[in-house]
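Everything in the sequence shown is counted per this note's numbering, starting at 117 for the first residue and increasing by one. Single-structure report; data block below.
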Amino acid sequence: MEYCGDRYEGETHNERLEGYGKYTLSTGAYYEGKMYDGMFHGEGTLHCLNGSKYHAVWENGHAKNGEIIFLDGLKYREEAHYADEFDRRFYTEICSGLRPTGRSQIVDKEPARRIPDGCYDTGDGFYNPLTKVVIDYNGRFLRNADHEEHTWIISKCRKAWDEYIGATYDVSIKQSMNPY
Numbered sequence: 117m118e119y120c121g122d123r124y125e126g127e128t129h130n131e132r133l134e135g136y137g138k139y140t141l142s143t144g145a146y147y148e149g150k151m152y153d154g155m156f157h158g159e160g161t162l163h164c165l166n167g168s169k170y171h172a173v174w175e176n177g178h179a180k181n182g183e184i185i186f187l188d189g190l191k192y193r194e195e196a197h198y199a200d201e202f203d204r205r206f207y208t209e210i211c212s213g214l215r216p217t218g219r220s221q222i223v224d225k226e227p228a229r230r231i232p233d234g235c236y237d238t239g240d241g242f243y244n245p246l247t248k249v250v251i252d253y254n255g256r257f258l259r260n261a262d263h264e265e266h267t268w269i270i271s272k273c274r275k276a277w278d279e280y281i282g283a284t285y286d287v288s289i290k291q292s293m294n295p296y
């Protein structure tokens, strides 16, 4: 552990990580919960740097079931419809209701951050499609995006520029609305 910068505080058995403890990775993320034979085993929570957590039941280092709890309290479930094509509301709108008529809410937590030119806001930082790198809001490296994440970001995330797409009309609806 000391060679890679990780550390452990907790119970041991026969010089193995065993029992309840806190395993901190060199990145600062940490797991708190039960260990067995040096692996996450039993109930435990993985705490991420962005404030989200993954609480699960682990078996020999593998999560068997669990849920992600984001910093704002939103719990991710496989069947959840959150800001998708079925329900475009943000989590804060689900909890607090929609705003009255006026300016639309464009981010979950306002005020909206200024996005650097040519980049996208991923919710945990900014993505540059030229370098395929996501940095946090303070400019620190978070991750390299793979092809799947790149495609998702450019199709779903808020970008630094606006594009005028104009009005679109369905001719069949327009004709059926004509009373004459």
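Note that beta-carbon positions come from the ideal geometry of N, C-alpha and C, so glycine has one too.
Asked	Found
Residues bridged to Asn181 [DSSP beta-bridge criterion]	Val173
Sequence-distant residues of the same chain with beta carbon closer than 6 Å to Ala179, five excluded per side	Ala172
Three-state secondary structure (DSSP) of Thr238	coil
Contact set for Arg259: own chain, Cβ-Cβ below 7 Å, skip 5 residues either direction	Val250
Delimiting residues of the alpha helix (DSSP H) encompassing Ile270	His263 to Lys272
Beta carbon of His157 nearer than 8 Å to that of Glu175	yes
Beta-carbon proximity list for Cys120, same chain, < 7 Å, skipping 5 on both sides	Ser142
Asn254, enclosing beta strand (DSSP E) - first and last residue	That residue, Asn254, is in no beta strand (DSSP E); it is neither H nor E in DSSP.
Alpha carbon of Trp268 to alpha carbon of Asp262, nearest angstrom	10 Å
Residue of Gly177, Asn166 and Asn181 minimising C-alpha distance to Gly189	Asn166
Nearest-angstrom Cα separation, counted from Cys164 out to Glu274	Reading off the sequence shown, one finds Arg at residue 274, where the question assumed Glu. Distance between the alpha carbons of Arg274 and Cys164 is about 23 Å.
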